[in-house]
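Notes follow the structure.
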Amino acid sequence: MSEYLIETDKLKKTYRVGEAEIVAVNMIDLKIAKGEFVALMGPSGSGKTTFLNLVSGLEKPTSGKVYFEGNDLTELNEAELTLLRRQKIGFVFQLYNLIPVLTALENVELPTVAAGLPREEGRRKSLKMLERVDLKGRLNHKPSELSGGEQQRVAIARALVNDPTSIIADEPTGSVDTKTGLGLVGLLTELNKERGVTIILATHNQLMAEHADRVIEMRDGKITSNRLNSHRAED
Amino acid sequence: MTVLTVSMFLMNASRIRCAEEENNPDYFFTSTGINPDMPDNQLSIAVRKDGSAMVSMSVHARARVITGIGDSIEIPVPYSAEKVRVSSIKLGNLPANYTLDRREEETVIRVATPRGMMEAYVQVAYTVDSVYNEGRFSFNFISSALITELSMEISIPSNGSRWILQESLKISPQPSEKTYFLVGQEAIPYRLSIVLSNVNPKALCCSFDTVEAPYSLATVPLYSLFIAIIPLTALFISLRGIILLAGRAKTRVLSVAYRNLLRREGRFALTTLGVAIPVMLTFLMLSQKSLAQKMLGPGYILKVDWYFLLILSITIGVALLQITHTIYSSITERVWEFGVMKAIGFGPSYLWKMVMTESAFTGLISGLVGSIFGVSFITLTSELLYGQSMTTTAYVSTAYYDLGTPWVWNYLLAFASTLAFSMSVLHYLSPIKSPFFTFVPPMMLYLVFLRPIDPTALGHFLEIVPFLLGNVILSILFSTALSVSVGFYMAYRAGKIEPKEAMRRV
Numbered sequence: 000m001s002e003y004l005i006e007t008d009k010l011k012k013t014y015r016v017g018e019a020e021i022v023a024v025n026m027i028d029l030k031i032a033k034g035e036f037v038a039l040m041g042p043s044g045s046g047k048t049t050f051l052n053l054v055s056g057l058e059k060p061t062s063g064k065v066y067f068e069g070n071d072l073t074e075l076n077e078a079e080l081t082l083l084r085r086q087k088i089g090f091v092f093q094l095y096n097l098i099p100v101l102t103a104l105e106n107v108e109l110p111t112v113a114a115g116l117p118r119e120e121g122r123r124k125s126l127k128m129l130e131r132v133d134l135k136g137r138l139n140h141k142p143s144e145l146s147g148g149e150q151q152r153v154a155i156a157r158a159l160v161n162d163p164t165s166i167i168a169d170e171p172t173g174s175v176d177t178k179t180g181l182g183l184v185g186l187l188t189e190l191n192k193e194r195g196v197t198i199i200l201a202t203h204n205q206l207m208a209e210h211a212d213r214v215i216e217m218r219d220g221k222i223t224s225n226r227l228n229s230h231r232a233e234d
Numbered sequence: 000m001t002v003l004t005v006s007m008f009l010m011n012a013s014r015i016r017c018a019e020e021e022n023n024p025d026y027f028f029t030s031t032g033i034n035p036d037m038p039d040n041q042l043s044i045a046v047r048k049d050g051s052a053m054v055s056m057s058v059h060a061r062a063r064v065i066t067g068i069g070d071s072i073e074i075p076v077p078y079s080a081e082k083v084r085v086s087s088i089k090l091g092n093l094p095a096n097y098t099l100d101r102r103e104e105e106t107v108i109r110v111a112t113p114r115g116m117m118e119a120y121v122q123v124a125y126t127v128d129s130v131y132n133e134g135r136f137s138f139n140f141i142s143s144a145l146i147t148e149l150s151m152e153i154s155i156p157s158n159g160s161r162w163i164l165q166e167s168l169k170i171s172p173q174p175s176e177k178t179y180f181l182v183g184q185e186a187i188p189y190r191l192s193i194v195l196s197n198v199n200p201k202a203l204c205c206s207f208d209t210v211e212a213p214y215s216l217a218t219v220p221l222y223s224l225f226i227a228i229i230p231l232t233a234l235f236i237s238l239r240g241i242i243l244l245a246g247r248a249k250t251r252v253l254s255v256a257y258r259n260l261l262r263r264e265g266r267f268a269l270t271t272l273g274v275a276i277p278v279m280l281t282f283l284m285l286s287q288k289s290l291a292q293k294m295l296g297p298g299y300i301l302k303v304d305w306y307f308l309l310i311l312s313i314t315i316g317v318a319l320l321q322i323t324h325t326i327y328s329s330i331t332e333r334v335w336e337f338g339v340m341k342a343i344g345f346g347p348s349y350l351w352k353m354v355m356t357e358s359a360f361t362g363l364i365s366g367l368v369g370s371i372f373g374v375s376f377i378t379l380t381s382e383l384l385y386g387q388s389m390t391t392t393a394y395v396s397t398a399y400y401d402l403g404t405p406w407v408w409n410y411l412l413a414f415a416s417t418l419a420f421s422m423s424v425l426h427y428l429s430p431i432k433s434p435f436f437t438f439v440p441p442m443m444l445y446l447v448f449l450r451p452i453d454p455t456a457l458g459h460f461l462e463i464v465p466f467l468l469g470n471v472i473l474s475i476l477f478s479t480a481l482s483v484s485v486g487f488y489m490a491y492r493a494g495k496i497e498p499k500e501a502m503r504r505v
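These protein sequences, in sequence, are chains S and C. Just so you know, we're using numbering that gives the first Met the number 0 here: the first sequence kicks off at 0 and counts up by one. Just so you know, we're using numbering that gives the first Met the number 0 here: the second sequence kicks off at 0 and counts up by one.
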């Protein structure tokens, strides 16, 4: 077993838009250790989202390799990738992406349904997760009845309910105000410490990034800076 | 001695009814006939409530054997001579002599004619005591010609205590072309109207039995309520059952699919209607013919009109497009949602199942609604097409199986009950629980069914339940199959949506 959760080797992803070829991720070599909290910074179009998609197996690279816990993602088929996402990765999206017809509790339960957990166990774990994100009183509310911050906390609970080893969070604070955003990042930091879950957080907000162990800056598909955050912000 | 045979050409003509009989409630059976070619040839029979019958006829009698020399005209009466009293007999305009010939089980009125007379115009009027015995009476008219049309009417005073058992009603000769049964109830006397066409009767015979009404008016509302409660309860239980099962199902696909549909309730309602209409037409196709066949009896062949088939195919085509569009747009606008579910760890098979369930659900509900429309619609169209209340055979109409009400009223009631029924369905499906939806549909149903129910109508209803139910099931299967076949490909497409689409939500 590799000590790294994610290793990339000359990772490259290009898109073709008409005649032009756009390089979204350009030859990235990066190692992310287990239990690390990494912030991925960069302006829009810098390749953050593509990079996250590549390391979580949502997209296949044009060239290069991605290893997730030592497994080469480029070698895995669709079903194996589905299994990997189900067991190892939790996703948090900018726009929460909760299923609108389901209540908070049901949304959190959804991954346990996908994992084929018994109903009672799934419910128990979901309740525990919602309690952890301080939403015990909002179990039966639909996403439309929750505030942005609350929705994102439901999404975090959903991401964690199957006890994954990592959370991929793509601009989770992008749709909320700074105060709420800081609260969410604080929550992620706590969960990182408590559970030892690796967190990869894409953001373009310096304030949010200050909570991470390491800050990686990207520009035009390349890593421009990779520094340990010595004066990590405490919450 | 030759016998002149009485030849009669009869046709429905109320104008020849005697003045004293007109609108007289003392008569419960009247029958009239006239020959359109020879308007002087007339027949009228009236049976009084006391059981006696009055028969009068004016006929042009002709010698059957041209070489023979007639000296009498025979008119057979199928009752013993003690009961028969001749009131007047005329040859031309002159009173004639007659004798009563006693025969076994019948009497022959023999009118003496001048020797050598080849044809004669005879007017006969006679009364028979107690012909109406235990609901039976019969008359024989020897005839050598066709009866073009004969109409009969039976009415029973409206004391509400006796019903005619419709299955006991026997008419001979067998009506060859059309039989219209119109049976009333409540405050309206029972009336039975039969039209015979193009038959060559040796005898006209009518018999029926009556029974004491098993239901008094006081018990009727309860009984009606009972009738209304059954389908409502069944519907409620089945829908709640589906929802409960959906909740318990391990994968909860059903529950999610169901809520996905209701989330876009407006579109769901439109699609349901769009599918329900062709389903209704299919239901009509399936039911109309068999129902009409049942009503009109054997020998009456109904054809399926080609334009009906054309309209049916067009509406089915439109329904297919409608379902396709609905499922297609519900998938395209939820691409991110499918992406999320994929990212969370659902495989294509789950999404496939979910979309398939949504399609099947649409088909199921549409089939149900379409059948309800169909059942109601059939009562209306049968009214228009067959000129009579075939409502006797349709479910909703069991309650207002009624001669006296105009068809518009029946039409309104049919739609009120349909509306009530649909509202009940929507109520139990809908997450909105307003008092209006809780109380109004059952109230409407109650009002519709409040009207007294005729047990014979109930009998008819029970008779047609199997194939009506069969047609409902067929229609539901049909619309479900329609939706599922469209959903099949769409669900495959949904399963193929890539998880990265989750990131693309704008």
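Note that CB positions come from ideal geometry on N, CA and C, so glycine has one too.
Item	Value
Between which two residues does the alpha helix (DSSP H) harbouring Ser146(S) extend?	From DSSP, Ser146(S) is part of no alpha helix (DSSP H); its letter is neither H nor E.
Looking only at C-alpha atoms, which of Glu58(S), Thr7(S) and Leu186(S) sits nearest to Tyr66(S)?	Thr7(S)
For Ser312(C), which option in Leu481(C), Lys499(C) and Val85(C) has the closest C-alpha, if you only look at C-alpha atoms?	Leu481(C)
Compare the C-beta of Val100(S) with all C-beta atoms of chain B and state if any pair is closer than 8 Å.	Looking for chain B here will not work: the only protein chains present are S and C.
Answer yes or no: do Pro110(S) and Pro142(S) have a C-beta to C-beta separation smaller than 8 Å?	no
Which residues in chain S have a C-beta closer than 8 Å to the C-beta of Ile343(C)? List them in chain order.	Arg84, Arg85, Phe90, Leu109, Pro110, Ala113 and Arg157
So the candidates are Val184(S), Leu75(S), Arg122(S) and Leu97(S); which of them puts its Cα closest to the Cα of Gln205(S)?	Val184(S)
Could you confirm whether any beta carbon from chain C is found closer than 8 Å to the beta carbon of Thr81(S)?	yes
Check whether chain S comes within 8 Å of Gly346(C), counting only Cβ atoms and requiring the distance to be less than that.	yes
Label Phe337(C) either buried or exposed according to how many other C-beta atoms from any shown protein chain fall within 10 Å of its C-beta, with 16 as the threshold for buried.	buried
Kindly identify the DSSP beta-bridge partner or partners of Ile322(C).	In the DSSP output, where bridge partners are listed per residue, Ile322(C) has none listed.
Alpha carbon to alpha carbon, how far is Glu58(S) from Asp71(S)?	13 Å
Output yes if chain C places a C-beta closer than 8 Å to the C-beta of Ala78(S); else output no.	yes
Ile167(S) and Ser55(S): beta carbons closer than 8 Å?	yes
Using 8 Å as the cut-off, can you tell me whether the stretch 140-154 of chain S makes contact with the stretch 172-179 of chain S, which would need three or more C-beta pairs spanning the two stretches below that distance?	yes
Using the C-alpha atoms, what's the distance from Ile371(C) back to Val76(C)?	52 Å
Which residue's Cα is closest to the Cα of Val110(C): Tyr491(C), Leu363(C) and Val85(C)?	Val85(C)
With a CB to CB cut of under 6 Å and the five nearest residues on each side skipped, what residues in its chain are close to Lys341(C)?	Pro498
Drop a sphere of 10 angstroms on the beta-carbon of Thr271(C), count the other beta-carbons inside from all chains shown, and report buried for 16 or more, exposed for fewer.	buried
Using a Cβ-Cβ cutoff of less than 7 Å, which residues in the same chain neighbour Met128(S) once the five nearest sequence positions on both sides are dropped?	Val107, Ala156, Leu159 and Val160
Can you find at least 3 beta carbon pairs, one from the stretch 344-358 of chain C and one from the stretch 89-97 of chain S, that sit closer than 8 Å?	no
Apply the 10 Å Cβ neighbour rule to Ile21(S) and answer buried if 16 or more other Cβ atoms are within range, or exposed otherwise.	exposed
Just the chain S side, please: which residues come within less than 9 Å of Ala501(C) by C-beta, in chain order?	Leu57, Phe90, Phe92 and Asn96
Under 8 Å between the Cβ atoms of His203(S) and Thr188(S)?	no
With 8 Å as the threshold, decide whether the Cβ of Asn52(S) is near any Cβ in chain C.	yes
From this set, Ala52(C), Lys352(C), Val368(C) and Leu350(C), which residue's C-alpha is nearest Val127(C)'s C-alpha?	Ala52(C)
Can you find the residues in the same chain that come closer than 8 Å, C-beta to C-beta, to Met489(C), ignoring five residues on each side of it along the sequence?	Thr323, Ile326, Tyr327, Ile330, Val354 and Ser358
Can you check whether the C-beta of Trp335(C) is within less than 8 Å of a C-beta belonging to chain S?	yes
Are Lys12(S) and Leu51(S) close, meaning C-beta to C-beta below 8 Å?	no
What ranges does the alpha helix (DSSP H) occupy inside the stretch 157-229 of chain S, keeping only unbroken runs of at least 4 residues that lie completely in it?	177-194 and 205-208
Would you please verify whether the beta carbon of Val317(C) is less than 8 Å from any beta carbon of chain S?	no
Measure the beta-carbon distance from Ile222(S) to Val37(S) and round it to whole angstroms, keeping in mind my assumption that it falls under 8 Å.	Incorrect: roughly 12 Å between the Cβ atoms, too far for contact.
Around the Cβ of Ser62(S), are there at least 16 other Cβ atoms within 10 angstroms (buried) or fewer (exposed)?	exposed
Among residues of its own chain, excluding the 5 on either side of Leu97(S), which ones have a beta-carbon nearer than 7 Å to its beta-carbon?	Asn106, Pro142, Gln150, Val153 and Ala154
Exposed or buried, Arg137(S), counting other C-beta atoms within 10 Å across all chains shown (16 or more means buried)?	buried
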